[in-house]
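Residue numbers (numbering that gives the first Met the number 0), protein chains in the order written: chain A, 0 to 333; chain B, 0 to 257. What follows is a set of notes on a single structure, which appears directly below.
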Amino acid sequence: MSEISEYKGVWVLCEHRRGIIQPVTYELLGKARELADKLGCEVSCLLLGVKVKDKAQELIHRQADKVYVVDDPRIEHVLEEPYTRIVSDLIRKHRPEILLLPATSLGRSLSSRLAVELKAGLTADCIGLDINLEDRCLLQTKPVFGGTIMTTIVSRTHRPQMATVRPKAMKEGVCDPQRKGVVEVLELQESFFSSRVKVLDVVDEVASTIYIMDANVIVSGGRGMVKAENFKMLEDLAKVLNGAVGASRAAVDEQWIPYSHQVGQTGKTVCPKIYIACGISGQIQHLVGMQSSDTIIAINKDPSAPIFKVANYGIVGDVFDIVPRLTKRFQEDL
Amino acid sequence: MNIIVCIKQVPDTADIKIDPVAKRLLREGIKSMINPFDMYAIEEGLRLKEKLGGKVTALTMGPPQAESALREAVSLGCDEAILISDGAFTGSDTLATSYALSCAIKKIKDYDMIFCGKQSLDGDTAHVGPGIAGHLNIPQIVNVRKIQDIKEGRVTAHRMTEYGYDVLEAELPCLLTVVKDINVPRLPSLKGKMKAKSTAITVWKAADIQAEENRIGAKGSATEVWKVTTSPARPQGKIFEGEGAVDQLVLTLKGLMK
Chain A
0 MSEISEYKGV
10 WVLCEHRRGI
20 IQPVTYELLG
30 KARELADKLG
40 CEVSCLLLGV
50 KVKDKAQELI
60 HRQADKVYVV
70 DDPRIEHVLE
80 EPYTRIVSDL
90 IRKHRPEILL
100 LPATSLGRSL
110 SSRLAVELKA
120 GLTADCIGLD
130 INLEDRCLLQ
140 TKPVFGGTIM
150 TTIVSRTHRP
160 QMATVRPKAM
170 KEGVCDPQRK
180 GVVEVLELQE
190 SFFSSRVKVL
200 DVVDEVASTI
210 YIMDANVIVS
220 GGRGMVKAEN
230 FKMLEDLAKV
240 LNGAVGASRA
250 AVDEQWIPYS
260 HQVGQTGKTV
270 CPKIYIACGI
280 SGQIQHLVGM
290 QSSDTIIAIN
300 KDPSAPIFKV
310 ANYGIVGDVF
320 DIVPRLTKRF
330 QEDL
Chain B
0 MNIIVCIKQV
10 PDTADIKIDP
20 VAKRLLREGI
30 KSMINPFDMY
40 AIEEGLRLKE
50 KLGGKVTALT
60 MGPPQAESAL
70 REAVSLGCDE
80 AILISDGAFT
90 GSDTLATSYA
100 LSCAIKKIKD
110 YDMIFCGKQS
120 LDGDTAHVGP
130 GIAGHLNIPQ
140 IVNVRKIQDI
150 KEGRVTAHRM
160 TEYGYDVLEA
170 ELPCLLTVVK
180 DINVPRLPSL
190 KGKMKAKSTA
200 ITVWKAADIQ
210 AEENRIGAKG
220 SATEVWKVTT
230 SPARPQGKIF
240 EGEGAVDQLV
250 LTLKGLMK
């Protein structure tokens with residue numbers, strides 16, 4: 000292995016959806032810029048996909064100094080084997096000291112395979128990143144047990160230092176259309192693209208255009224919603240607030256709403272600006288999935304429900320009365 | 000179809016206590032359980048075995064007491080159980096853990112599929128499954144919510160994404176990590192519980208699985224814990240009451256959304 004001091008630069012893997020750059024990429028670039036300025040080095044971004052070439056400038060405007068592009072129909076979909084081969088080859092060539100990836104489902108899966116390939120240190124789902132100026136080490140802070148404990152991890156002896164970063168945890172890189180940078184488009188040999196996994200179909204099924212992981216506002220329902228039809232009123236409220244609908248495990252197990260909406264221990268961990276819990280009692284298994292939200296609002300008829308212990312604001316009352324009134328008020332005002 | 004299910008023993012969520020001084024999880028006297036996502040991995044392994052024949056081996060790495068998690072796996076229907084346990088594994092990060100598990104899997108040798116839960120409750124990384132696949136150089140499909148088909152040395156599965164799902168086909172042997180949507184785990188039968196008591200748990204040390212000394216434990220880890228802090232408790236919330244409650248909440252929400 001090369002000397003640690005030979006590794007320089009902060010790299011970001013761009014996440015996009017059919018060529019549309021996802022907000023988490025801008026958040027990673029914003030953080031990468033800050034880290035690179037502390038270290039006195041450049042920010043590079045890896046852009047992999049098909050028909051993505053013309054998006055490179057957008058990444059430069061958002062603070063990348065250099066963009067490596069692999070634009071090839073054979074990597075239209077994220078598959079771990081070709082992605083690992085392509086990214087690890089670039090890393091061995093250019094030796095960045097830090098590589099940031101989004102802590103999305105595919106970012107996490109890819110990052111681990113990549114870390115094994117590179118024998119690099121990897122920290123999952125970071126919400127804080129900083130540099131220890133004494134030794135240039137990346138301080139990687141991640142919540143454990145739903146945020147009851149925060150752990151800061153370092154990788155002193157291995158490079159690159161890899162971290163996946165939770166969406167919405169960092170500020171987006173400032174957009175400056177005047178920024179200039181270098182774009183390098185790579186042509187790779189056939190052998191990079193082979194995969195023992197093939198994509199047969201890609202199915203979109205999230206009804207709204209706002210995904211629960213990206214939402215600033217989540218309106219969530221639990222057992223207190225009583226039946227599937229009542230989730231309509233949560234959708235209505237989410238819609239006026241420009242948010243997404245979540246659910247507790249109880250509601251998902253009753254099949255009132257699909258599993259992809261489940262928040263908590265066996266579902267998703269979310270941290271929106273505002274989390275509105277409707278008819279959710281607040282079992283610990285639910286709380287670990289949402290208690291790092293900026294503001295929690297609880298609406299529940301039981302004043303002793305544990306959800307009120309984590310809520311910043313609450314109303315003790317009937318969700319079927321309160322939720323439609325909230326929706327109406329926002330419809331009138333907006 | 001020979002199936003390996005990798006499981007982890009974790010502290011029971013409902014029973015988590017933190018030492019306020021040392022800022023560490025208190026492990027003593029804490030109830031433990033099989034990591035919730037791993038229950039779905041066990042169930043899926045058992046269902047495939049029942050359909051296609053073969054056997055299911057439960058595998059875990061941990062201290063000697065992790066044996067109880069393996070016995071629970073046997074009570075559910077797993078045929079064999081292997082614990083890799085050695086002081087030399089202490090301090091393993093996900094790189095070293097996935098390496099050690101891959102060494103054990105190489106020793107088991109004869110397998111078609113490996114199942115893992117999507118992620119563990121305590122580490123919360125989702126790294127170990129894909130890491131094992133990387134060490135073994137086999138394909139992986141993560142976040143599987145449905146196995147559509149297995150034939151001619153290939154598995155077709157639905158990979159859950161942020162937006163819906165992808166239908167993927169992979170060559171066997173393959174590693175799959177599973178989410179809750181894939182099945183409803185069974186409860187142990189009385190017969191299973193009896194079997195769990197009498198089944199011998201195989202224990203392998205680092206040397207038994209030819210794990211290289213400098214690739215396991217703290218020595219083989221690429222990361223280390225620098226600092227642990229507890230999050231500040233959330234401040235006491237405000238409850239809006241009476242007729243004006245909705246108005247007050249609307250005002251508050253508007254303030255927050257600015």
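Backbone N, C-alpha and C define an ideal beta-carbon position, used for all residues, glycine too.
Burial state of residue i, where buried means 16 or more other Cβ atoms lie within 10 Å
i, result
"A/Q139", "buried"
"B/Q8", "buried"
"B/Q139", "buried"
"B/M193", "exposed"
"A/A237", "buried"
"A/S108", "buried"
Closer than 9 Å to chain B by CB, residue i
i, result
"A/L109", "yes"
"A/V198", "yes"
"A/G120", "yes"
"A/P95", "no"
"A/Q188", "no"
"A/R222", "no"
"A/G212", "In the sequence under discussion, the amino acid at residue 212 of chain A is Met, which differs from the Gly named in the question. Yes, its Cβ sits closer than 9 Å to a Cβ of chain B."
"A/Y258", "yes"
"A/A123", "yes"
"A/Y6", "no"
"A/N229", "no"
"A/G313", "yes"
"A/G266", "yes"
Collapsed DSSP secondary structure at residue i in the structure displayed
i, result
"A/V225", "coil"
"A/K45", "The question names Lys, but residue 45 of chain A in the sequence shown is Leu. In this structure, A/L45 counts as strand in the three-state DSSP scheme."
"B/C102", "helix"
"B/M112", "strand"
"A/T151", "strand"
"A/S190", "helix"
"A/S280", "coil"
"B/K150", "strand"
"B/R46", "helix"
"A/Q290", "coil"
"B/V166", "strand"
"B/K16", "coil"
"A/I126", "coil"
"B/Q64", "helix"
"A/Q21", "coil"
"A/L240", "coil"
"A/Y6", "coil"
"A/R94", "coil"
"B/R70", "helix"
"A/E297", "Looking at the sequence provided, one finds Ala at residue 297 of chain A rather than Glu. Strand, per DSSP."
Nonlocal neighbours in the same chain, by C-beta distance under 6 Å from residue i, ignoring five residues either side
i, result
"A/F192", "R73 and P81"
"A/Q330", "V239"
"A/E183", "Y67"
"B/D111", "M0, N1, L171 and P172"
"B/E242", "none"
"A/D64", "E41, V42 and G180"
Min CB distance residue i to chain A below 9 Å
i, result
"B/N269", "Because residue 269 of chain B is not part of the residues shown, which for chain B are 0 to 257, the question remains open."
"B/V224", "yes"
"B/P258", "No answer is possible for residue 258 of chain B: the residues shown for chain B start at 0 and end at 257."
"B/A125", "yes"
"B/Y110", "no"
"B/V227", "yes"
"B/I238", "yes"
Sequence-distant residues of its chain with Cβ nearer than 8 Å to residue i (five each side left out)
i, result
"A/S292", "I217, V269, C270, P271, K272, I273 and Y274"
"A/E57", "I20"
"B/P184", "M38, Y39, I41, E42 and L75"
"A/R155", "D134 and C136"
"A/I148", "P142"
Cutoff 7 Å; reference residue i; Cβ partners in own chain excluding five residues on either side
i, result
"B/A156", "I140, V143, K145, I146, Q147, L167 and L175"
"A/H157", "K118, A119 and G120"
"A/I85", "L47, V69, L187 and F191"
"A/E171", "P22, Y25, E26 and G29"
Tell me the start and end of each unbroken alpha helix (DSSP H) in the segment 300-332 of chain A that is at least 4 residues and wholly inside, in chain order.
Taking only runs of at least 4 residues, the alpha helix (DSSP H) segments lying wholly in the segment 300-332 of chain A are 306-309 and 318-332.
In chain order, which continuous runs of the alpha helix (DSSP H) of length 4 or greater are located wholly inside the segment 64-91 of chain A?
Here no run is fully enclosed.
Please specify which runs of the beta strand (DSSP E), each continuous and at least 3 residues long, are wholly inside the segment 169-241 of chain B, giving them in chain order.
Counting only runs of 3 or more, we get 173-177, 201-203, 223-229 and 237-239.
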